[in-house]
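Undergrad: Just so you know, numbering that gives the first Met the number 0 puts 28 at position 29 of the sequence shown, and the rest follows in order with no gaps.
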Amino acid sequence: MKKLLLAVLALSLTSTAVFAGEAKVSFAKLDNFTDIKAGHEQKERFRERLTEEFTSVFAGFAAKLPEGYRLEINVTDIDLAGDIRPGMTIHYDQIRWMKEIDWPRIQFTYALKNAQQEVVASGKEELRDMDYLRRVRIPSGKTSFEFEEKMLQDWFKHQVVSGAFPSQDAKTLTATK
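Shown next, in the form of structure tokens:
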């Protein structure tokens, strides 16, 4: 049984090794971002969690790229969904209220490099989702910033479907277009 488990694990590792791009994510001055207010959480801890979770989202995209590819992202602004308001309970001083006029926005530049370190795609993105409250939501559980994560997933899917980014999911994404 133990040998069977090891064999299955070894096979799964070799089958996924073909697609193992990497991500390098940086953030411009967080103090200049439009809205990354912490609400009920300590400011520095919130910022640390925010950068970790956004980095994780981009790393997930890079993992779908061919081996040797590198996705470089520089996040220049974030305006989180909703707005911070005074809390209505004794447990929270401030909470994030979601309203239709407070849609999420994110700005970043990107460069996708192949194994030879040649830039194969690059650009500046200004993503926003004005209908974020009207969509069916199924949180991934990977991040607490579900609206922003959804915007980024849609962007990555578009890059793959349009052919700008190579990906192991290209056939699946094209079929669901």
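Each residue gets a CB set at the ideal place from its N, CA and C atoms; glycine is no exception. Please read all numbers here as calculations on a predicted model, not as lab measurements.
Write down the C-beta distance between residue 98 and residue 108 rounded to the nearest angstrom, noting that I regard them as a contact closer than 8 Å.
TA: Position 99 of the sequence shown, counting from 1, holds the residue named residue 98. Position 109 of the sequence shown, counting from 1, holds the residue named residue 108. Actually they do not touch by this definition, with Cβ atoms about 29 Å apart.
Undergrad: Could you pull out every unbroken alpha helix (DSSP H) segment of at least 4 residues lying fully inside the segment 41-81, listed in chain order?
TA: Counting whole runs of 4 or more residues, the segment 41-81 contains the alpha helix (DSSP H) stretches 42-61.
Undergrad: I'd like the list of long-range same chain contacts for residue 106, defined as Cβ closer than 6 Å, with 5 residues on each side in sequence excluded.
TA: In the sequence shown, the residue the question calls residue 106 occupies position 107. Within the same chain, residue 106 has close Cβ partners 75, 76 and 125.
Undergrad: Could you name the residues that DSSP lists as bridge partners for residue 104?
TA: Walking along the sequence shown from the start, residue 104 turns up at place 105. In the DSSP output, where bridge partners are listed per residue, residue 104 has 78 and 127.
Undergrad: Straight-line CA distance for residue 65 to residue 132?
TA: The count along the sequence shown starts at 1 and reaches residue 65 at position 66. The count along the sequence shown starts at 1 and reaches residue 132 at position 133. When rounded, the distance between both Cα atoms is 34 Å.
Undergrad: Between which two residues does the alpha helix (DSSP H) carrying residue 146 extend?
TA: Locating residue 146 in the sequence shown gives position 147, counting from the first residue. Counting along the chain, the alpha helix (DSSP H) containing residue 146 begins and ends at 145-160.
Undergrad: Do you know offhand how far residue 54's Cα is from residue 24's?
TA: Position 55 of the sequence shown, counted from the first residue, corresponds to residue 54. Position 25 of the sequence shown, counted from the first residue, corresponds to residue 24. Their Cα atoms are separated by approximately 6 Å.
Undergrad: Please report how far the alpha carbon of residue 149 lies from the alpha carbon of residue 102, in whole angstroms.
TA: On the sequence shown, position 150 is the one that residue 149 refers to. On the sequence shown, position 103 is the one that residue 102 refers to. Going from the Cα of residue 149 to the Cα of residue 102 covers about 12 Å.
Undergrad: With a 10 Å radius around its C-beta and 16 neighbouring C-beta atoms as the bar for buried, classify residue 47 as buried or exposed.
TA: Numbered from 1 along the sequence shown, position 48 holds the residue referred to as residue 47. When all chains shown are included, residue 47 counts as exposed.
Undergrad: What do you get for residue 142, buried or exposed, if any count of 16 or more other CB atoms within 10 angstroms of its CB means buried?
TA: Against the sequence shown, residue 142 aligns to sequence position 143. Per the 10 Å Cβ criterion, buried.
Undergrad: Out of 79, 151, 118 and 117, which has the shortest C-alpha to C-alpha gap to residue 32?
TA: Within the sequence shown, residue 32 is the residue found at index 33, counting from 1. Nearest of 79, 151, 118 and 117 to residue 32, Cα basis: 79.
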